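These notes are about the structure you will find just below.
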Amino acid sequence: MITIDILKKLKESEDKVEFKKGEGGNISYDGGSKLKPSDRRRCILGYVTALCNEEGGCLVIGMSDNYPHEVIGTNQNLDSIGELESTIYRDTGIRPKVFELYENQKRVLVIEVPSRPAGKVFKFEDVALMRVGEELKPMSDAVYLKIIQEQEPDFSQQYCEGLSVTDLDEKAISILKEKYALKQNNPNFKRLSNEQLLSDLDLLKNGKLTNAALILLAKKEVLNEKLPQAAVMLEYRNAENQISFDNRIPFSEPFFILIDQLWNTINLRNGSFPIQDGAYIFNIPFFNEAVIRESINNAITHRDYRRTSEIVVKQFPQRLDILNAGGFPSGVNLENLLKTPSTPRNRLLADVLQKTGIVERSGQGVDKIFYNTLIEGKAEPDYSKSDYFQVNLKLSAVIEDRAFALFIVAVQEGLPETEKLSVLEVITLNMIKKNAAKRDLDFEIVSKLLEKKLIEKRGKTNAIYYILSKDYYEFTDEKAKYYNLQELDESQVLTRVLQFLSKESRAKMKDFVGLFEDKLSRKQVRFRIEKFVTNKILKQEGEGSSSVYEIGENFINEIEVISEALSLGLKQLEKNNTKKNVMARKRPEKDQ
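So that you can map any letter, position 409 of the sequence shown is 408 in numbering that gives the first Met the number 0, and since no number is skipped, the others follow by simple counting.
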């Protein structure tokens, strides 16, 4: 833990620290109204950006920059350090730690800045910054090129100095042998000497053990001494809005022991939802064992062990969060998470887990997490709170769509092994169930689902959309909806809507829902109305529940596809519009 005494002895360039007195007034947060770029950069955001690019450091406000550094004291962000921490993260994507230190009642503010990820450069006002003496300068081309060409080192493959075979846990080695022999279908592997086993798996090279051997096999006390951040913290809270935890259990054992202990502890508070529909009877657990194990395997394999924070698992009655240090591996982001083959941050660690059957293949973990979650009718795994410095996975235990779970079970049971649904097919089925726009769907996958008759095409020409097949609706409590979807195509829905508006001129969403009562669900009605607004067939005024809808500028283009029943409505519409125009002309000028 950093202290005032430690800070006094640090040197700015060598120890990656920047001292600011902050006595005559607060340091500008973002450069304020200063006109020159060089002046604007000398602000909190500028220094945080530069320090992050230098692989981390500290911005210290309230101490002199002359060595040894004297405590001056500052009121910078007094009573608002939490707000400062969150606004820096919001504006830069950098996740700092902000804290206060005191000497003789004089306050010092410390902003601890993490190191940038390998290959990533951070910018202030679109300029990559670096410190040069007392100045913040645009990063030189040579430094910039060197950073963006960086490759993340495989921490797990590096030697762990001072680690010997006697430091390894015999129980963990025994589990490793069992799993290795089973996966490779060779019982003789169980009789290998420890040294031979470690050598075969590249955990022992040139007489030295690697960091992977430390993480997977080292005794608890050795692991705590050499790599304490390898621990996993399990926190339990009785409510999702609760800040403090009710119970916190550290797991510091080698991986081959830890993974079972951790799951067993999570499972103590696990429950299940009974699902039954005719011949289909099964229980869906709140937390799926395969999903939880795979999520933790991913966290341990992909985390950045250079960062000192542990993996944290937060368990709630109906949600589980897993947070691990280091963002997504290079080349992976939220948009391509399922489509880009993952490159493990710790390749050797991943290879050993694959060879021992803990994971099926490198990079397949996220597929498995999504697949096993969606087929249970639960919400998609949520990675949206992840950033460059941590991966944050949220898993919901709530079954949102019981029918979808039954539908997928029935489909998979009816398909031969070679044609079982893939994770992307299940995701696409889920998107179609939620009325995803046609442009957001993968055409190739949609074609496969049409061939398997798991979805059906609806609408005409530019208004084509997809629904799940009849089999899905057979599992719902409103089976008639499927048949109503067949009967009410896009033009029929549009006919009813325009007929209503020709009489009433304006309508709210609840009016449209009432039009199709017992025919379409509220969600189905809203989907069609929103599409009509997008195509300018309808015009929307206001937002949310206060929205009002009228005939739009493009409604005349749809007349040809509307049934003859609309003709009477159009005459009434013209009459209403004429009446409205006359009333507008008669209205006093001050009212118009």
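Ideal placement from N, C-alpha and C gives every residue a C-beta, glycine not left out. Owing to the predicted nature of the structure, the values given are computational and were not obtained by experimental measurement.
Check: Expressed to the nearest angstrom, what Euclidean distance is found between the alpha-carbon atoms of ALA324 and ASP386?
Finding: As a working note, residue 324 is residue 325 in the sequence shown. As a working note, residue 386 is residue 387 in the sequence shown. Rounded to whole angstroms, ALA324 to ASP386 spans 10 Å at the Cα level.
Checklist line | Start-to-end residues for the beta strand (DSSP E) that takes in ALA324 | finding: Walking along the sequence shown from the start, residue 324 turns up at place 325. Run containing ALA324: 318-324, per the beta strand (DSSP E) assignment.
Note to self: Taking the beta strand (DSSP E) that ALA127 belongs to, which residues open and close that run?
What the structure shows: Walking along the sequence shown from the start, residue 127 turns up at place 128. First-last of the beta strand (DSSP E) with ALA127: 126-131.
Note to self: Could you tell me the alpha carbon to alpha carbon distance between ILE26 and PRO380, rounded to whole angstroms?
What the structure shows: Translated into the one-based positions of the sequence shown, residue 26 becomes position 27. Translated into the one-based positions of the sequence shown, residue 380 becomes position 381. Taking the straight line joining both Cα atoms gives about 41 Å.
Note to self: Rounding to the nearest angstrom, what Cα-Cα distance links LEU216 and GLU359 in this structure?
What the structure shows: As a first step, residue 216 is located in the sequence shown; it is residue number 217 there, counting from the start. As a first step, residue 359 is located in the sequence shown; it is residue number 360 there, counting from the start. If you take the alpha carbons of LEU216 and GLU359, they lie about 20 Å apart.
Item checked: Counted within 10 angstroms of its Cβ, other Cβ atoms place LYS377 as buried (16 or more) or exposed -> Translated into the one-based positions of the sequence shown, residue 377 becomes position 378. With 16 or more other Cβ atoms within 10 Å, it is buried.
Note to self: Would you call the segment 294-310 in contact with the segment 342-350, where contact means no fewer than 3 C-beta pairs closer than 8 Å?
What the structure shows: yes
Next item on the list: Using the DSSP secondary-structure output, state which residues sit across from GLU134 in a beta bridge.
Entry: Counted from its first residue, the sequence shown places residue 134 at position 135. DSSP lists VAL131 as partners of GLU134.
Check: In angstroms, rounded to a whole number, what distance separates the CA positions of GLN157 and THR209?
Finding: Here residue 157 refers to the residue found at position 158 of the sequence shown. Here residue 209 refers to the residue found at position 210 of the sequence shown. Using only the alpha carbons, I get a separation of about 5 Å.
Notebook entry, point to check: What first and last residue would you give for the alpha helix (DSSP H) that runs through MET508?
Noted result: Position 509 of the sequence shown holds residue 508. Run containing MET508: 508-514, per the alpha helix (DSSP H) assignment.
Check: Does the pairing of the segment 6-25 with the segment 67-76 give three or more beta-carbon distances under 8 Å?
Finding: yes
Check: Just to confirm, are GLY467 and LEU428 a CB contact at a threshold of 8 Å?
Finding: On the sequence shown, residue 467 is found 468 positions in, with the first residue counted as 1. On the sequence shown, residue 428 is found 429 positions in, with the first residue counted as 1. Per the sequence shown, the amino acid found at residue 467 is Leu instead of Gly. It is a contact, given that the beta carbons lie within the stated cut-off.
Notebook entry, point to check: Taking only runs of the beta strand (DSSP E) that begin and end inside the segment 529-554, which ones reach a length of at least 3 residues, in chain order?
Noted result: 537-540 and 547-550
Next item on the list: Taking ASN246 as part of the alpha helix (DSSP H), name the residues at either end of that continuous run.
Entry: Counting from one through the sequence shown, the residue named residue 246 turns up at place 247. Element bounds for ASN246: not the alpha helix (DSSP H) but the beta strand (DSSP E), 246-250.
Check: So is PRO116 buried or exposed if we call it buried at 16+ other beta carbons inside 10 Å?
Finding: Your numbering for residue 116 matches position 117 in the sequence shown. So PRO116 ends up on the buried side.
Next item on the list: Would you mind working out which of GLU102, ILE110, ILE93 and SER421 sits nearest VAL608, comparing C-alpha positions?
Entry: This structure cannot settle anything about residue 608, because the visible part of the chain is limited to 0 through 591.
Notebook entry, point to check: Are the beta-carbon atoms belonging to LEU347 and ASP201 less than 8 Å from one another?
Noted result: Translated into positions along the sequence shown, residue 347 becomes position 348. Translated into positions along the sequence shown, residue 201 becomes position 202. Yes, they are a contact pair.
Notebook entry, point to check: What are the boundary residues of the beta strand (DSSP E) that TYR465 is part of?
Noted result: Within the sequence shown, the letter at position 466 stands for residue 465. Start and end: 464-467.
Item checked: Same chain, Cβ closer than 8 Å to ILE561, five either side skipped, listed in chain order -> Start at 1 with the first residue of the sequence shown, and residue 561 comes out as number 562. The predicted model places ILE561 with a pLDDT of 49, which falls under 50 and marks its position as unreliable, so this point remains unresolved.
Margin query: Assuming contact is defined by CB atoms lying nearer than 8 Å, are VAL351 and ALA230 in contact in what I supplied?
Written below: Translated into positions along the sequence shown, residue 351 becomes position 352. Translated into positions along the sequence shown, residue 230 becomes position 231. It is not a contact, given that the beta carbons lie outside the stated cut-off.
Item checked: 8 Å Cβ cutoff met for LEU203 and PRO253 -> Here residue 203 refers to the residue found at position 204 of the sequence shown. Here residue 253 refers to the residue found at position 254 of the sequence shown. Contact flag unset, no.
Note to self: Given this structure, state the Cα-to-Cα distance separating SER271 from SER395, to the nearest angstrom.
What the structure shows: Counted from its first residue, the sequence shown places residue 271 at position 272. Counted from its first residue, the sequence shown places residue 395 at position 396. Roughly 13 Å separates the two Cα atoms.
Notebook entry, point to check: Taking TYR235 as the reference, which of SER243, GLN314, ILE242 and ASN205 has the closest Cα?
Noted result: For the purposes of this step, residue 235 is taken as residue 236 along the sequence shown, with counting starting at 1. Nearest of SER243, GLN314, ILE242 and ASN205 to TYR235, Cα basis: GLN314.
Check: Do the segment 78-85 and the segment 157-171 touch if we need at least three Cβ pairs shorter than 8 Å?
Finding: no
Item checked: Cβ shell of ALA564 (< 8 Å), same chain only, five flanking positions each side left out -> In the sequence shown, residue 564 corresponds to position 565, counting from 1. Below a pLDDT of 50, predicted positions are generally treated as unreliable, and ALA564, at 39, falls in that range; the measurement from the model is reported next regardless. Excluding positions up to five away in sequence, the list reads THR494 and GLN498.
Notebook entry, point to check: From ILE596 to ILE172, what does the alpha carbon distance come to, in whole angstroms?
Noted result: For the chain, the structure presents residues 0 to 591; residue 596 sits outside this window and is missing.
Item checked: Selected residue, minimal CA-CA separation from LEU500, among ILE550, ARG527, ALA462 and LYS509 -> The residue labelled residue 500 in the question sits at position 501 within the sequence shown. LEU500 has its Cα closest to that of ILE550, out of ILE550, ARG527, ALA462 and LYS509.
Checklist line | Endpoints, alpha helix (DSSP H) assigned at LYS19 | finding: Mapped onto the sequence shown, residue 19 falls at position 20. Where LYS19 is concerned, there is no enclosing alpha helix (DSSP H), although the beta strand (DSSP E) it sits in stretches over 16-19.
Check: Using a Cβ-Cβ cut-off of 7 Å (strictly less than) and excluding sequence neighbours within five positions of ILE374, which residues of its own chain qualify?
Finding: Counting from one through the sequence shown, the residue named residue 374 turns up at place 375. Same-chain partners within the cutoff: ALA404, ILE407 and VAL425.
Margin query: Taking the alpha-carbon of VAL97 as reference, which of MET129, GLY118, ILE60 and GLY132 has the nearest alpha-carbon?
Written below: Working through the sequence shown from its first residue, we reach residue 97 at position 98. Comparing Cα-Cα distances from VAL97 to each of MET129, GLY118, ILE60 and GLY132, the minimum goes to ILE60.
Notebook entry, point to check: What are the partner residues of SER163, as DSSP defines its beta bridges?
Noted result: In the sequence shown, residue 163 corresponds to position 164, counting from 1. Answer is none; SER163 lacks a bridge partner.
Check: LEU569 to LYS502, Cα distance in whole Å?
Finding: Locating residue 569 in the sequence shown gives position 570, counting from the first residue. Locating residue 502 in the sequence shown gives position 503, counting from the first residue. With a pLDDT of 48 at LEU569, under the threshold of 50, the modelled position of that residue is not reliable, and the figure given next carries that caveat. Rounded to whole angstroms, LEU569 to LYS502 spans 9 Å at the Cα level.
Item checked: Buried/exposed call for PRO95, threshold 16 Cβ in 10 Å -> Here the question's residue 95 lines up with position 96 in the sequence shown. It is buried - the Cβ of PRO95 has at least 16 other Cβ atoms within 10 Å.
Checklist line | beta strand (DSSP E) segment containing GLN183, residue limits | finding: Here residue 183 corresponds to residue number 184 of the sequence shown, with the count starting at 1. Per DSSP, GLN183 belongs to no beta strand (DSSP E) and is neither H nor E.
Note to self: Using the Cβ count rule (16 or more neighbours within 10 Å means buried), how would you classify GLU293?
What the structure shows: Taking the sequence shown and counting its residues from 1, the one referred to as residue 293 is at position 294. Buried, since its Cβ has 16 or more Cβ neighbours within 10 Å.
Next item on the list: Compare the C-alpha of THR48 against each of GLU309, ASP166 and PRO113 and name the closest.
Entry: On the sequence shown, residue 48 is found 49 positions in, with the first residue counted as 1. Closest option to THR48, Cα to Cα, is PRO113.
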